[in-house]
Each structure stands twice: as structure tokens, then as C-alpha cells.
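What follows is one structure encoded as C-alpha cells, with my remarks underneath.
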Amino acid sequence: MTRYLLRRLLSSAITIAVMAVLVFFASRVLPGDPAVIRAGNDATPELIARIRAEHGLDLPLYEQFFHYVGGLLHGDLGTSVRTGNPVSADLLTFLPATLELSLLAFVVAVLIGVTVGTVAAARAGQWPDAVARGFTAVGGSMPSFWLALMAIFVLVYSLGLFPSPVGRLPLGTSAPPRHTGFLTIDALIAGDGALATSALAQLALPALLLGMLSSIALARITRTAMIDALSASHTRAARGLNLGRRHILLQEGFRNALPTIITSMGFVAGHLIAGNIIVEQIFSWPGIGRYLSTAISQSDLDVVQGFVIVVGVSYVLINLVVDLLYVVSDPRIDLRRAG
Amino acid sequence: MTTARMLASARPRRLARLCGRGDLGLRLGLLLLAVLVLIGLVGPLLLPDPNATAAGQSLLPPGPDHLFGTDRYGRDLLARTVAAIRLDLVLGIGVAVAAMLLGSLLGAVAGYLGGIVDEVVMRFTDALLAFPGFVLALMVVAFTGNSLVFMAVGVTIGSMPHFIRLSRARALSERELDYIPASKLAGSGSGGIIFGHIMPNTIGAPLIQTTVTAGWAILDIAALSFLGVGVQPPTAEWGTMISEGYSEILTGKWWPAFFPGLFMLIAVLAFQLIGDGLSKWKNS
Numbered sequence: 000m001t002r003y004l005l006r007r008l009l010s011s012a013i014t015i016a017v018m019a020v021l022v023f024f025a026s027r028v029l030p031g032d033p034a035v036i037r038a039g040n041d042a043t044p045e046l047i048a049r050i051r052a053e054h055g056l057d058l059p060l061y062e063q064f065f066h067y068v069g070g071l072l073h074g075d076l077g078t079s080v081r082t083g084n085p086v087s088a089d090l091l092t093f094l095p096a097t098l099e100l101s102l103l104a105f106v107v108a109v110l111i112g113v114t115v116g117t118v119a120a121a122r123a124g125q126w127p128d129a130v131a132r133g134f135t136a137v138g139g140s141m142p143s144f145w146l147a148l149m150a151i152f153v154l155v156y157s158l159g160l161f162p163s164p165v166g167r168l169p170l171g172t173s174a175p176p177r178h179t180g181f182l183t184i185d186a187l188i189a190g191d192g193a194l195a196t197s198a199l200a201q202l203a204l205p206a207l208l209l210g211m212l213s214s215i216a217l218a219r220i221t222r223t224a225m226i227d228a229l230s231a232s233h234t235r236a237a238r239g240l241n242l243g244r245r246h247i248l249l250q251e252g253f254r255n256a257l258p259t260i261i262t263s264m265g266f267v268a269g270h271l272i273a274g275n276i277i278v279e280q281i282f283s284w285p286g287i288g289r290y291l292s293t294a295i296s297q298s299d300l301d302v303v304q305g306f307v308i309v310v311g312v313s314y315v316l317i318n319l320v321v322d323l324l325y326v327v328s329d330p331r332i333d334l335r336r337a338g
Numbered sequence: 000m001t002t003a004r005m006l007a008s009a010r011p012r013r014l015a016r017l018c019g020r021g022d023l024g025l026r027l028g029l030l031l032l033a034v035l036v037l038i039g040l041v042g043p044l045l046l047p048d049p050n051a052t053a054a055g056q057s058l059l060p061p062g063p064d065h066l067f068g069t070d071r072y073g074r075d076l077l078a079r080t081v082a083a084i085r086l087d088l089v090l091g092i093g094v095a096v097a098a099m100l101l102g103s104l105l106g107a108v109a110g111y112l113g114g115i116v117d118e119v120v121m122r123f124t125d126a127l128l129a130f131p132g133f134v135l136a137l138m139v140v141a142f143t144g145n146s147l148v149f150m151a152v153g154v155t156i157g158s159m160p161h162f163i164r165l166s167r168a169r170a171l172s173e174r175e176l177d178y179i180p181a182s183k184l185a186g187s188g189s190g191g192i193i194f195g196h197i198m199p200n201t202i203g204a205p206l207i208q209t210t211v212t213a214g215w216a217i218l219d220i221a222a223l224s225f226l227g228v229g230v231q232p233p234t235a236e237w238g239t240m241i242s243e244g245y246s247e248i249l250t251g252k253w254w255p256a257f258f259p260g261l262f263m264l265i266a267v268l269a270f271q272l273i274g275d276g277l278s279k280w281k282n283s
């Protein structure tokens, strides 16, 4: 296990290093001059030259590269032009809002994905399966921002089931003292039950939407893995031994499908990250996704670079954890033989 | 040779049978796509100019004069939604084909040559896979400035890694087959083998993946436009139109965002169904 762990850590580290190089070259070598983009529409040559000097863009490429790598190793992701803060500090400020939303969405995604996939597999070829396949086909083709807008129209504007999409708290409400950065929890710590409820109400619709959209891949993979497990010979043996529906579905089916299901959590994380950028924009959610889209519209390039690196690193780490969980969840995997 | 010829003649018949009565999803997908293409080709000839504004006709609900209603500037939403079919389908298919060609070539070269080339290409692919495709596209557009071409390039790069992996895996098994050394003996170089043997024989799976990718590309392109970095207004494009309809939703006017999104859903669903149907056919 230790050897496997070390090898996976090493390969993750290499991926992250290649990624950082890729991002650097994307920002410098792609045909777009960062100084010109930063200077905006009414750029004078003097302004462009000043921006170049300020950001070290007039140095030779290899020197810029060493500055960049040196900065990264110190956790320096550059400075946001818009807020004037270090990008890393800004990301830390906005991260809890994104995490609170993403964690709830993740729970929703796992609940929907695993349930839909399991039910479809247990009733393969029958109507619940057809409904499930319709759900994944339409869900997988759904433009997330369109679904969000339509949900706002029907559920917020017409039926009034959810509060207006104005961010983490209703307008005119002030946030509880910051402990965890999760408003629902901070409000409970402050002993303000009403505030926690309204924070949860703001959170509900974006989390439901994000979770539903991220559940599609999981539902598909769960269905396939469950069908495979339920048609395997050990399941036939269990049926022959008359071990009961419950045992067959959970022990023979779900337990054997579990490693595959866990592996697909990486997909869910990918969807959450991409979906976050859109959903935060629509629900005025002050997380890192919204920080990024604002930065892009204002050509705040250090922010883009920092965001991409942070997201890339977390994605690599999530996949590392998923791989390790896969090994743990399947006792048949013999790491000594795998090398 | 005879087997190859049998396969060549059997496959289209099997495909025809599948389209005829077999897979419902594939038939539905092909039908939806055909209808969309037809509307996209003929529609703009019959409908008013998608960019014609009309004072006093702002935000009319769907009705007999304007089937899909009008937007803030009094533009006919049916004309705009239909005009966008050409742009979105061409962009989506173009991006998917470009990603397939580049990705399969890289994958075939890496798989066939092996060694250091393989190592470099796969490290590069792993690094690309460390981002969701959409984030990758967003990064490229942000660094190159707003332009249609670079948005397409960004989405292409974001869609490439799957093709690289897919065709590398096939190339790895293909190069072990006996005819490859035979071809080498007959004097073929690496280039000849990659283009003449490896790519033609491994392109099946990537081709099927291309249809699904076209759908995803349409979603990514529209999402970029929605964030304001892809196609710029006043061009009629589904994502841009939905973005323009965003502020209208909050005042209860649903139609400016609804219709372009519905068309986009149909287009992506069509590609998805075709892709699923084709891969079922290939595995049958």
C-alpha cells in the first residue's frame, strides 16, 4: 500500500507540475498579449508599456517562468487588478461560499445518482429503467444555465417556493460572525435559528440544481455497474440459494458495484466545478466561480491563472483520493501484484 | 481480406436495420437532427431578418405575429432562434471534428511510437484531463481575448484528451498485430503505418465519440457565450440569446430565454442519442 501510495503521489505531483507549465505557456505564448488585454479598450502605448513593466512582462520568457514558478512554490498566485488583493487571499475569502454550495450539491448528486442508477438496474428493461434512461439522456443534454433560469421562473417567480436568487442571504440581512465561513453553521453557532433557516433557503435551489446536473454521469455509471454485478455468476448462485431480494440487491449488486461507483465521483467533482461557475453567476452567489467570471469579463488575468491552478490541483487531489478509496473499497485488488 | 469485405458489407446493412426498426434512440436522434438541419437551412429564407429591430414591439409574448414572441429590441425570436441553428451546429460539429482529428492523430502517434513520445503525450493529456473541459476552454478564451476563433480553439483543446486516450489505447493493441511488421518489411515508414494502417483501423470509436462531443461542444460554446466571452451580441446564438433573456426572467418574461434553450436541448439530445445508438450498434 505504501509503495502504491508513493507512486500515485509522485504521478499526481508530475501532473500538477506539467499543468502549471501548461497554464504559464497558455497565458504567455497563446496569441493574445496579456498587457494589451489588461489595458482594455482605450489603451495607450504608454499604459501598455507600464503594465508590461509592472507585471514583469518585459522580461525574457525564461525569467518570467522562474518568477512564476518561484511564486507558485511560495503560494503566490499573483495580484488581482480589480480588488488589489493577492489572488490567494481573495480565493480563500470566496472559497467557503463555493464549498458550502458544492458540498450540499454533492450530497444531492450522490443521492439522486445512486438511487436512479440502482432502481434502473433493479428493474432493467421495465418502465422505471426507461424513465431513468430518459432522465439521464435529457439531463445530460441540458444547458445548465437554461435549466437554472427556467427553474427561477417557475419555482421562484411563479410559485414562490424559493427565495429570490440574490446570493447567500436575503437582501438587507447581515452575515453572522465568521467561524467556518459556512453561513448556515455560523448562524447556528451565533444561536440565530431564523438566520440559519433563511441561509439554508437561499442555498436550497442552487444546490438542488447543481446536484441534479452533476448526478447524471453517476446515475449512468451506477446503472451499468449494478447490471453487470446483478448478472454475474455469484448473483446467480445467490438467487439459486434463495437469499432474498434485499440480499441480492445490496450484497451481490451494490457491494460489487461500489468500487466503480466510487471511481465516478471524480466525474461528479468535475461537473460541480464547471457547473459552479455558471450557477454562481445566475444566483449571485459570492463564491470563487463568480469571482472568476467577473475577473474574465474585466481581463483580470492573474485571477484566471490562479483559479485554474487551484481548480486543477484540487481536481488532481480529488481523483487521487478517489483512486485510493477504490483500492480500499475492493479487497480483491492486490497491490503487490499491481506493482 | 474476405473477412474485411464481409464486415464492410455487413455493417451498413446492420446499420440500416438498426435505423429501420432497431434502436429507438438512434432513430429519434437522427430524426431530430434532420429536422433541425432542415429548419436551419430553409427557415432563414422564409423568416424576417434576425437582427431587424422594431420600436414599440419590445417583449411581445408569443402570438400569431411572432410565434416565439420578441425580445427587448423588438427582434423576432423565432427568426433569431432559427438563424442560430446554422452557427451553433457548424461550431459544434466543427469543434468535435477538429478535436477528433487532432486527438486521434496524437493518440495514434503516441500509441504506435511508444517510448518517450508516448510518455510526453500522455503526461500532457493527464494535465489537460486535470481540468474539466469547460474550465480549459474558459482559460484559453480569457488569455486570448474574445474572439470566435479562439473560443472554438479553446473548446477543441478541452475536448481533445478523450480522443487521445481512446485512440492511443486502440493503437497500442493494433501495433501488435502481424500485418504491421509485414508492412514494415514491405518498406513502409512510421508515417505510412500511422496514416495508412493505425488511424484507419482505430478511428471507429473516436468517430462515434465525435457525435457525443459535438453535443457537449454546443453546450460549452453556449455556456461561454452566456458568460459573455464567446459569441458576441448581436449575433444570434443560443447562449447569447439566453444570456440576454436572463434579466427578463426576473420580471416574468420567460420567452426570450426559453425558446433558444429548448432548441439547444433538442440539438444536444439528438447528438447524444445518435452517439449512444451508434456505440450500441458497434458493440452488438
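Protein chains in written order, with numbering that gives the first Met the number 0: chain P, 0 to 338; chain F, 0 to 283.
All C-beta atoms, glycine included, are put in the ideal place defined by N, C-alpha and C.
Remember, it's a predicted structure, so these values are computed and weren't measured experimentally.
| Check | Outcome |
| --- | --- |
| Just tell me which of P:332, P:73, P:247 has its CA closest to the CA of residue 225 of chain P. | P:247 |
| Quick one: residues in its chain with C-beta nearer than 6 Å to the C-beta of residue 102 of chain F, no 5 flanking neighbours on either side, listed in chain order? | 159, 162, 163 |
| Taking residue 62 of chain F as the query, report the chain P residues whose CB atoms sit under 7 Å from its CB, ordered along the chain. | Those within 7 Å of residue 62 of chain F in chain P number zero; the least Cβ separation is about 19 Å. |
| Take residue 307 of chain P and list the residues in its own chain whose beta-carbon comes closer than 7 Å to its own, dropping the five residues that flank it on each side. | 22 |
| Does DSSP put residue 250 of chain F in a helix, in a strand, or in coil? | coil |
| Between which two residues does the alpha helix (DSSP H) holding residue 126 of chain P run? | 126-139 |
| Under 7 Å between beta-carbons, which chain F residues line up against residue 67 of chain P? List them in chain order, please. | Result: empty, since nearest Cβ-Cβ is about 14 Å, beyond 7 Å. |
| Once DSSP output is grouped into helix, strand and coil, what is the label at residue 78 of chain P? | strand |
| As an exercise, report each continuous alpha helix (DSSP H) stretch of at least 4 residues that is fully enclosed by the segment 72-124 of chain P, in chain order. | 86-121 |
| Which same chain residues end up closer than 6 Å to residue 4 of chain P when comparing Cβ atoms and leaving out the 5 residues on each side of it in sequence? | none |
| Please determine, among P:331, P:327, P:291, the residue with the shortest C-alpha to C-alpha distance to residue 80 of chain P. | P:291 |
| Less than 9 Å separating the beta-carbons of residue 204 of chain F and residue 80 of chain F? | no |
| Could you name the residues of the segment 123-138 of chain F whose beta carbon sits closer than 9 Å to any beta carbon of chain P, in the order they occur along the chain? | 123, 125, 126, 127, 128, 129, 130, 131, 132, 133, 134, 135, 137, 138 |
| Does the CB of residue 141 of chain F have a neighbour CB from chain P at under 9 Å? | yes |
| In or out: residue 352 of chain P buried (at least 16 other Cβ within 10 Å) or exposed? | Outside the displayed span of chain P (0 to 338) sits residue 352 of chain P, for which this structure offers no information. |
| Near residue 329 of chain P, what residues of its chain come up, given a Cβ to Cβ distance below 6 Å and the 5 sequence neighbours on each side ignored? | 258 |
| How far does the alpha helix (DSSP H) with residue 259 of chain P in it extend, from its first residue to its last? | 254-262 |
| If distances are taken between C-alpha atoms only, which option among P:315, P:253, P:280, P:304 comes closest to residue 117 of chain P? | P:253 |
| I'd like the span of the alpha helix (DSSP H) that includes residue 180 of chain F, first residue to last. | 178-184 |
| Ordered along the chain, which non-local residues of its own chain (more than five positions away) have a Cβ less than 7 Å from that of residue 213 of chain P? | 104, 108, 267, 270, 271, 274 |
| Closer than 6 Å by C-beta to residue 1 of chain P: which residues in its own chain qualify, once you throw out the five before and the five after it? Chain order, please. | none |
| What span of residues does the alpha helix (DSSP H) with residue 201 of chain P cover, start to end? | 192-229 |
| Based on Cα-Cα distance, which residue from F:155, F:113, F:110, F:147 lies nearest to residue 127 of chain F? | F:155 |
| Let me confirm a value: residue 135 of chain F is counted as buried when at least 16 other C-beta atoms fall within 10 Å, else exposed. Which label applies? | buried |
| Reducing DSSP to helix, strand and coil, say where residue 69 of chain F ends up. | strand |
| Indicate whether residue 87 of chain F and residue 221 of chain F have their beta-carbon atoms separated by less than 9 Å. | yes |
| Looking only at its chain, what residues have a beta carbon closer than 6 Å to the beta carbon of residue 204 of chain P, apart from the 5 residues adjacent to it on each side? | 161 |
| To be precise: take each residue of the segment 266-279 of chain F, compare its Cβ to all Cβ atoms of chain P, and keep it if any distance is under 9 Å. Which residues remain? | 266, 267, 268, 269, 270, 271, 272, 275 |
| Note the first and the last residue of the continuous alpha helix (DSSP H) segment covering residue 251 of chain P. | Counting along the chain, residue 251 of chain P falls outside any alpha helix (DSSP H), and DSSP gives it neither H nor E. |
| Taking only three categories from DSSP, how would you classify residue 329 of chain P? | coil |
| Are the Cβ atoms of residue 131 of chain P and residue 222 of chain P separated by less than 9 Å? | yes |
| The alpha helix (DSSP H) with residue 196 of chain F in it runs from where to where? | Counting along the chain, residue 196 of chain F falls outside any alpha helix (DSSP H), and DSSP gives it neither H nor E. |
| Looking at the structure shown, is residue 185 of chain P part of a helix, part of a strand, or coil, going by DSSP? | helix |
| Scan the segment 219-240 of chain F for residues whose Cβ lies nearer than 7 Å to a Cβ of chain P and list them as they occur along the chain. | 221, 222, 225, 226, 227, 228 |
| Return the CA-CA distance between residue 170 of chain F and residue 234 of chain P, expressed in angstroms with no decimal places. | 36 Å |
| When you compare the CB positions of residue 99 of chain P and residue 167 of chain P, do they come within less than 9 Å of one another, or not? | yes |
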